[in-house]
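One point on numbering: in UniProt numbering, the residue at position 150 of the sequence shown is 150, and numbering is uninterrupted. Quick reminder that beta carbons are idealized off the backbone N, C-alpha and C, glycines included.
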Amino acid sequence: MEKRIYNIKNYKLCNQQRRLASLVEKFTYRDGFQSTDIPSLDLIRASNISETLHSIYIPSICVIVQGAKTVILGKESYRYDANSYLVASVNLPIIGKIIEASPDHPYLCVRLSFNSDQILDIIKESKQNFEEKPGLERGLTVTKGNASLLDALLRLVSLLETPEEIPVLAPLFIREILYRVLQDKHGYILKQFAVIGSHARAISKAINLINNNFEKPLRIDELANEINMSSSSLHHCFKKVTAMSPLQYQKQIRLQEARRLLLSEVLEAAEAGYKVGYESPSQFSREYARMFGLPPISDIKRIKDSIYINF
């Protein structure tokens, strides 16, 4: 009997994944990252295994419906595919690589972004008690997929076929998706960043402050004072959430922004470095090469000579 129930559940999941994959293919006319008529919903497609890509994950739920990807945060590696989904609770600089994709079976992913206020509203209005655990958890987790979540996601993506229904129905389906994630095994990880007064909420504020002022010198004592923490607590809690120190985090944000500037604007390497907060061109070039494998000018030339798609 248990095996029969498992088979029925597995069949339902596979059927939902196939239907989602068909919809994502329908609305992705090229490889890469594509926005939709639903502001917080994006679709991603790749017809080939990718090179290693640096990017910033915003608070979001990423559900792969075909293919697989690895993500590195700090020194930790995560793998997820059509049987799992990823939740990023705060802005995190990551290194990603699509590891399963082909022209016949492209990598297909759905990303739904959210903010902590949406999570807090659901927590306040729900009559259920979401699981809480002591201590801080990583701001990134990979969890096994389930039929309830995929069903809600399928209804949301299906709205792209009836855009006139999006203003009324999309907020309801998005709310259900977030609720399903909160109900899931690792829902407490998402909740911790929405609870006012929690250490996780304070670290989320620190992350936002760094992102909004990454080009300025980072003074840990001032940042700690802003979020009402001691410097030692800030350092400890920040590393628990992001797998890196505040200074390491700022460096990754700076270098990724410098790379974006060099790709999108006509700038000298030293000028790009200065714009993101480096006073020493040699230090900028050294740290850039350490992160991306080549000095700025050589790296940008390599990217422009290749087919570069930001996933």
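When DSSP states are grouped into helix, strand and coil, Ser47 belongs to the coil group. The beta carbon of Val71 is closer than 6 Å to those of Tyr78, Ile94 and Gly96 in its chain, skipping five residues each way along the sequence.
Taking the CA atoms as reference points, Leu247 sits about 35 Å from Arg175. In the displayed model, Asp184 falls within coil according to three-state DSSP, outside both helix and strand. Straight-line spacing of the CA atoms in Asp81 and Tyr274 works out to 39 Å. For Asn83, the closest C-alpha among the options Ser298, Asp42, His54 and Cys14 is that of Cys14. Going by DSSP, Leu112 is part of the beta strand (DSSP E) stretching over Tyr107 to Ser113.
The beta carbon of Asn211 is closer than 7 Å to those of Asn91 and Ile253 in its chain, skipping five residues each way along the sequence.
DSSP places Gln118 in the uninterrupted alpha helix (DSSP H) bounded by Ser116 to Glu125. Burial is judged here by how many other beta carbons sit within 10 angstroms of a residue's own beta carbon; Gly293 has fewer than 16 and is exposed.
Between the stretch 185-195 and the stretch 109-122 there are three or more C-beta pairs closer than 8 Å, enough to call the two in contact. With at least 16 other beta carbons inside 10 angstroms of its own, Gln16 counts as buried. Taking the Cα positions, Val65 is about 42 Å away from Ser231. Taking the Cα positions, Gly67 is about 21 Å away from Glu76.
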